[in-house]
Amino acid sequence: MKTALLATAAVLTLGIAGTANAQKIPVGHLADQSGATSDVGVPFGQGVADALAYLNKNGGVGGTQMDVETVDYGYQAPRAISQYKKWSSGSGKVAAIQGWGTADTEALTGFVGKDEIPYYSGSYSGHLTDPAGKGSHGSKPAPYNFFYGPSYSDGLRAMLTWAAEDWKKKGGSGKPKYVHMGANHPYPNAPKAAGEALAKELGFDVLPAVQFALTPGDYTAQCLTLKEAGANYAYLGNTAGSNISVLKACQTVGANVQFMGNVWGMDENAAKAAGAAANGVIFPVRTATIWGDDAPGMKTVKEISKISDPNGTVYRPVHYVAGICSAYYMKEAMDWAAKNGGVTGPNIRKGMYQKKDWVPAGLEGVCVPSTWTDTDHRGMDKVNIYRANVKGETGGTVDELVKAGNIKMEKIATVEVPRKPEWLGW
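Residue numbers (mature numbering (1 follows the signal peptide of the UniProt record, and there is no 0)): -22 to -1, 1 to 404.
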């Protein structure tokens, strides 16, 4: 898949370089194809790249092609900042950017605001949702930051709401014990305070956080800590790659915990890799449907997928579909800008505020209806929660395992997370 994404990037760049660049709309695409989060960065980035290539094949933005440059920054914030400086200066200044990680996105927030470049990230940090910087928890202004999906904080709030009910249904006695887990890094830490605050409010006993690195490793010690503390619910703040190590270690030591992954914490590839250890993990899914489901917009998704898989045989995990939605929201805001003064950063930003409960054309039933305003960039207030069901052997391809029923992503709840003023930017 990494090769396919690189190939797509090359096609996009080379296909544009040979013609009149001045007439095209420069767009940056920052991806992690080789770094600590590439396990989920590759499929998400592939979805973005395929969608942009497909849109270019079908008219671009109001008949104008996008000049897309995809760059693998290896999940290294300094490299992201360096690349941004290239994209934000000179005659080739980009109109918008499809970005990625939390550390780099948060570091660039002030710059994209100053330079008026809409930045659509793969980071869903709640800190990015406050365009005016008026949140009660000290959030900084993020007027040009957008993302498609629930914030990490809102995703966790939804799962904690579900967990409180789950505890009652199970007939649990006393207070359930909750623990935040993840690396000491801006990405896993982004929802930590918000999650622990709501957990206390919901009646959980909040245990000290347990750290584990963003990379796979031996996390037996962390799992023994969970077991000895009697943890009932644990949030996995890292991406699937290192979460798999935790799930396997906890299965080995017999730590009986209901794990709750963030949106990057579980997917079909991780379920295959973790096997039975992934069974029962819950996590938020950003889209209204997943690969293989029946929805009107899945026809468009399947056509987009053929950009990098002409034979149409590759199974696309949840992150790929979310990447398509991210690209399409940006494109439709650019369409509005083209009709209202030109495809500039300020006009694209205004384009994001033109619709309520918005689903991009052609993706009906795929993207969750979303609303952004100039005072609130929390796009969605409903969070779909899925459970990974894994049974039997997981030695085949993901497509084979899903068809055989060995891996199933089951929707178990939709939780509404209100856009409370006190939660803005947090």
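All C-beta atoms in this analysis are idealised placements derived from N, C-alpha and C, irrespective of residue type, glycine included.
Contact check for V344 and G243: beta-carbon distance about 21 Å, past the 8 Å limit, so the pair fails to qualify. Look at the stretch 227 to 277 and you find these whole runs of alpha helix (DSSP H), each 4 residues long or longer: 246 to 252. Non-local C-beta neighbours of A141 in its own chain, meaning closer than 6 Å and more than five positions away in sequence, comprise Y211, ordered along the chain.
Taking 4 residues as the minimum length, the alpha helix (DSSP H) runs contained wholly in the stretch 114 to 200 are 130 to 147, 164 to 167, 170 to 179, in order along the chain. Judged by DSSP in its simplified three-state form, M44 adopts strand. Here the alpha carbon of V263 sits roughly 17 Å from the alpha carbon of T349. In terms of Cβ geometry, T267 and Y165 do not form a close pair [threshold 8 Å].
Minimum Cα-Cα distance from R135 among the listed residues T375, K360, A366 corresponds to K360. Sequence-distant partners of G340 (beyond 5 residues in either direction) whose C-beta falls short of 7 Å from its own C-beta, in its chain, are G275, T278. Per the coordinates, the alpha-carbon of R356 lies some 12 Å from the alpha-carbon of P121. Beyond the five residues adjoining it in sequence on each side, V346 comes within less than 6 Å, by CB distance, of A266, M358 in the same chain, given in chain order. Under the DSSP definition of a beta bridge, N362 partners with V263, T392. DSSP places S103 in the coil class of the three-state scheme, outside both helix and strand.
If you look at V299, you'll find it in the alpha helix (DSSP H) that goes 296 to 317. Under the three-state reduction of DSSP, D17 is assigned to helix.
In the structure shown, P4 falls within a strand segment according to DSSP collapsed to helix, strand and coil. In the DSSP assignment, N210 forms no beta bridge with any residue. Taking 4 residues as the minimum length, the alpha helix (DSSP H) runs contained wholly in the stretch 26 to 98 are 55 to 65, 80 to 93, in order along the chain.
Each residue's CA atom was taken as its position, placing E371 and K250 some 9 Å apart. Ranking G133, S101, A58 by CA distance to the CA of E394 puts G133 first.
In the three-state reduction of the DSSP assignment, T375 falls in the coil class. For N325, the enclosing alpha helix (DSSP H) covers residues 323 to 329. Within the same chain, V231 come within 6 Å of L202 by CB-CB distance, once the 5 residues on both sides are set aside. When the beta-carbon positions are compared, H105 and S114 stay at least 8 Å from each other. Residue pairing of T351 in beta bridges, as defined by DSSP: D354.
In this structure I302 is buried. Its beta-carbon is surrounded by 16 or more other beta-carbon atoms within 10 angstroms. A check of alpha carbon separations from G239 across L185, A366, K146, K280 identifies A366 as the nearest.
C-alpha of K386 to C-alpha of A252: approximately 14 Å in a straight line. With fewer than 16 neighbouring CB atoms inside 10 Å of its own CB, N162 falls in the exposed class. The residues K2, N34, in chain order, have a CB closer than 6 Å to that of Q43 in the same chain once the five nearest residues on each side in sequence are set aside. For the pair Y197 and S223, the Cα-to-Cα distance works out to about 7 Å.
Under the criterion of beta carbons closer than 8 Å, Q11 and S304 do not qualify as touching, at roughly 16 Å.
For Q200 and A256, the gap between their C-alpha atoms comes out near 17 Å. If you draw a straight line from the Cα of P295 to the Cα of R57, it comes to about 27 Å. When beta bridges are read from the DSSP output, I282 appears opposite no residue.
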